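Numbering (full-length UniProt numbering), first residue to last: 1 to 170.
Think of the CB as a built atom: it goes at the ideal place given N, C-alpha and C, for glycine as much as any other residue.
It should be emphasised that the depicted structure is a prediction, and the values quoted were computed from it without experimental measurement.
Notes for the one structure printed next.
Here is the structure:
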């Protein structure tokens, strides 16, 4: 598949936007003190790319964001957790979009839950303790709430950008 210059440029802009949003998100105080819980606002860019440009573009944006953010801000360990979460989330969301039976908010919630589940699996494989099970309800609640927030914002963006960015079939 040969990409047009416009597509490459747009993917680059989306990667940069996702990295910046992900970085700035650390400065947003959350009302909960649960370790590892954050809004995941960089995922707004991934969900928007998925709906406007298709799963391949969303995969490019998501993986590039994780790698750049990991090398620049967090390190290899956190990058592995983020990559597992990003790939699981995108795979699930792409399948849901393909079904065309779910709203963008529902797709986003599933993405957030799959992201948390994949990171949980990586943590369980590394830590190997049953104590992690007690944190699962926190991850489910947080994933649902953050998925709703990300989905609402992505929905607004997709509606506003659909006429500007040529939509491709998912």
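In terms of Cα proximity to residue 105, the closest of 123, 48, 117, 66 is 48.
Straight through space, the alpha carbons of residue 59 and residue 82 are spaced by roughly 13 Å. By alpha-carbon distance to residue 40, the top candidate from 51, 24, 73 is 24. If the five residues before and after residue 158 are omitted, its C-beta is found closer than 7 Å to the C-beta atoms of 48, 51, 52, 104, all from its own chain and listed in chain order.
Within the model, the alpha-carbon separation for residue 136 versus residue 111 is close to 16 Å. Excluding five sequence positions before and after residue 17, the CB atoms of its chain that fall closer than 6 Å to its own CB belong to 45, given in chain order. With at least 16 other beta carbons inside 10 angstroms of its own, residue 57 counts as buried. By alpha-carbon distance to residue 42, the top candidate from 54, 69, 36 is 69. With fewer than 16 other Cβ atoms inside 10 Å of its own Cβ, residue 26 counts as exposed. Contiguous beta strand (DSSP E) elements confined to the region 40-83 do not occur, taking only those with 3 or more residues. With a 10 Å radius around the Cβ and a threshold of 16 neighbouring Cβ atoms, residue 108 comes out buried.
When secondary structure is reduced to three states using DSSP, residue 35 falls in the coil class, being assigned neither helix nor strand.
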